[in-house]
Every structure is written in structure tokens, then in C-alpha cells.
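Novice: Numbers 1 to 250, taken from the numbering used here, label the letters of the sequence shown in order. We put the CB at the ideal spot given by N, CA and C, even for glycine. I'd like to ask some things about the structure below.
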Amino acid sequence: MSSMLATLLTVLVLAVVHLYAGTAVALGRQWGPRALSAASGVSVAYVFLDLMPSLAEQQNLIDHIDLFPGLDRHIYILALVGLTVSFWVETASRESRRRHRAAGGPDQTGTATFWLSILSFVVLNAAIGYAVASPGDEAVEPLWTFALAMGLHFLVNDHSLVEHHGDRYRTIGRWLLVVGLITGWLIGILPEVEIRPEALALVLAYIAGGTILNILRHELPDTDRSGDVLAFVAGAGVYGVLLLSLAPAS
């Protein structure tokens with residue numbers, strides 16, 4: 001199978017996850033807390049045991065291009081940006097729902113907050129699609145481990161997006177996220193676009209930060225959907241062992 005075909009199939013599978021999750025939640029066929037927590041554990045294990053170590057090794061490449069002279073932690077800065085943006089969007093969504101409930105309205109976000117949330121995830125999805133288009137880079141190899149972690153991240157996150165935004169996410173939002181995902185992939189495969197390892201590393205760092213916050217917010221108590229600790233630990237542990245077994249010997 002050619003690398004382009006592999007990346008195309010990967011991005012299509014990730015798109016189907018968005019479409020399936022949005023429909024399943026709307027029809028009441030939600031994953032249980034244990035399954036969602038196990039999926040969360042898998043995604044977090046991937047970020048900490050595979051993605052971030054690979055990106056840390058590429059920090060030296062970024063140092064050599066003199067990007068933002070005076071800063072020497074670009075990877076971690078972009079991860080922090082991704083986490084901060086996701087935290088801001090989540091906080092805004094919760095506050096918007098609280099105001100609507102207090103005013104006697106439906107338990108969902110307002111229009112402005114909906115678009116803020118969706119556009120932020122369109123950017124994140126475009127970054128993921130761009131990363132999928134470069135399967136030869138060691139930071140996303142093997143591709144299936146990246147795709148599995150991101151697919152489970154989508155599945156968990158889509159449950160929250162439906163809860164926050166209601167029918168607007170199902171009818172509009174999820175389709176825009178699919179467009180963002182495919183657009184990022186198309187940009188990545190353009191012959192005129194050279195995916196440099198430094199650029200991909202920065203994109204992946206942003207993805208890592210956003211993924212951490214998006215996943216962990218589901219697992220904390222006093223949130224819309226408190227997680228199952230044992231299932232989370234099991235998911236993280238099993239996938240962590242798998243990732244460590246696949247890691248090249250140092």
C-alpha cells in the first residue's frame with residue numbers, strides 16, 4: 001500500500017469517527033463511562049510515552065533554524081499554547097451553558113461560544129490532518145498508533161461537544177471538523193508543500209497540548225461526565241506497555 005493511500009484511508013477513518021460519534025450521541029447510543037475512560041487513557045498514554053518524547057528529540061532541529069531567537073523550548077511552548085486554547089474554550093463553553101440555564105434556556109452554549117469552540121477544533125483537526133499526511137516522520141510512526149490515539153480522542157471529545165452544543169454540533173459542527181481534518185491533509189499532500197520536520201514537530205506539539213486537556217477534563221470529578229479511574233488506568237497501562245514494546249531500543 002502506498003504511503004498516500006495509507007494516509008488517505010487514515011484521514012477518512014478519523015472523519016468517520018466524527019460522523020459516527022455525533023450521530024450515536026444524538027440517538028442516545030453513548031459509550032459508557034468505562035469505555036470513554038479507557039479510550040482517554042489510551043490517548044494520554046500515546047501523548048506522554050510516544051509523541052512528546054519524539055518531539056523532545058526534534059527540539060535540536062528547531063534550535064538550528066533560529067525560530068524566535070532567545071527561545072529554546074519551542075516544542076513545550078506550542079504544547080502549552082494548545083493546552084491553554086483548549087482550556088479557554090472549555091471554560092467559555094461551561095460558562096455559556098450556565099448562563100443559559102440561569103436564564104431558563106436550554107442547557108447548551110450560545111451562538112458565539114459555539115463558533116469559538118468549533119473554530120478552535122477546526123484548527124486542531126487541520127493540524128491532525130496535516131500530521132497524518134507525513135507518515136514517514138518518526139514522530140507519527142507507526143501511523144496506526146497515532147491514528148488510534150487521535151480516533152479515540154475524537155470519540156471522547158465528540159461526546160462533550162454534543163453535550164455542550166446540542167443539535168448544532170450534530171447538524172453543523174461535526175461536518176466542519178471533518179472539513180478541517182481533510183483540509184489539513186490536502187495541504188500536507190500538495191506537491192508544492194514540503195513538510196519539514198521542524199514544522200511538523202511544532203504542529204504535533206500543539207496537538208499534544210490540546211489532546212491532554214481535552215481528554216483529562218472528562219476524567220475529573222464535578223464535570224459533566226466524571227470518569228472511571230480503573231478504566232482510565234487500564235487503558236493507559238495497556239497501551240503504554242504496547243507503545244514501550246514498539247519503541248526502538250536506545
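Considering only the beta carbon of each residue, do Ala45 and Ala208 sit closer than 8 Å?
Specialist: No, these two residues do not count as a Cβ contact at 8 Å.
Novice: When you compare each of Glu163, Thr171, Val156, Leu161 to Phe232 by their alpha carbons, which one comes out closest?
Specialist: Val156
Novice: For the structure I just gave you, are there three or more beta carbon pairs, one from the stretch 105 to 124 and one from the stretch 82 to 97, closer than 8 Å?
Specialist: yes
Novice: Restricting to Cα atoms, I'd like to know which of Pro197, Met150, Leu190 is closest to Leu16.
Specialist: Residue identity differs from the one stated: residue 16 is Val in this sequence, not Leu. The shortest Cα separation from Val16 among Pro197, Met150, Leu190 belongs to Met150.
Novice: For chain B, check one thing: does any of its Cβ atoms lie closer than 8 Å to the Cβ of Ala131?
Specialist: Protein chain content of the structure displayed is limited to a single chain, and chain B is not contained in it.
Novice: In terms of residue numbering, what span does the alpha helix (DSSP H) encompassing Thr111 cover?
Specialist: Unbroken alpha helix (DSSP H) run through Thr111: 111 to 132.
Novice: Pick helix, strand or coil for Asp158, following the three-state DSSP scheme.
Specialist: Helix, per DSSP.
Novice: Excluding five sequence neighbours on each side, which residues of the same chain lie with their C-beta closer than 7 Å to the C-beta of Ile215?
Specialist: Ser40, Ser43, Val44, His153, Val156
Novice: Please list the terminal residues of the continuous alpha helix (DSSP H) segment that includes Glu57.
Specialist: From DSSP, the alpha helix (DSSP H) with Glu57 extends over 52 to 57.
Novice: Tell me the DSSP secondary structure of Ala79 in three-state form.
Specialist: helix
Novice: Taking all protein chains shown into account, decide if Glu219 is buried (16 or more other Cβ within 10 angstroms of its Cβ) or exposed.
Specialist: buried
Novice: Arg174 to Val193, Cα distance in whole Å?
Specialist: 27 Å
Novice: Hey, quick one: how far does the alpha helix (DSSP H) through Ile212 stretch, first residue to last?
Specialist: 197 to 219
Novice: Using the C-alpha atoms, what's the distance from Ala92 back to Ala102?
Specialist: 15 Å
Novice: Just to confirm my understanding: we take Leu143, look at its own chain, exclude 5 residues before and 5 after, and list those with CB closer than 8 Å. What are they?
Specialist: Ala6, Thr7, Thr10, Val132, Pro135
Novice: Please name the residue, chosen from Tyr130, Gly235, Ala247, Ser160, that lies closest to Asp107 on a Cα-to-Cα basis.
Specialist: Ser160
Novice: Using the C-alpha atoms, what's the distance from Leu244 back to Leu49?
Specialist: 7 Å
Novice: Beta carbon of His18, beta carbon of Asp158: below 8 Å?
Specialist: Taking a C-beta distance under 8 Å as the contact criterion, His18 and Asp158 qualify as a contact pair.
Novice: Looking at the unbroken alpha helix (DSSP H) that takes in Tyr46, where does it start and where does it end?
Specialist: Counting along the chain, the unbroken alpha helix (DSSP H) around Tyr46 starts and ends at 33 to 46.
Novice: Count the other CB atoms within 10 Å of the CB of Ser96; is the residue buried (16 or more) or exposed (fewer)?
Specialist: buried
Novice: For Gly184, does the count of other Cβ atoms within 10 angstroms reach 16, so buried, or fall short, so exposed?
Specialist: Counting the other CB atoms within 10 Å of its CB gives Gly184 a total of 16 or more, which places it among the buried residues.
Novice: Looking at the structure shown, is Leu143 part of a helix, part of a strand, or coil, going by DSSP?
Specialist: Annotated three-state conformation of Leu143 is helix, per DSSP.
Novice: So the candidates are Leu181, Glu141, Glu198, Ile212; which of them puts its Cα closest to the Cα of Val13?
Specialist: Leu181
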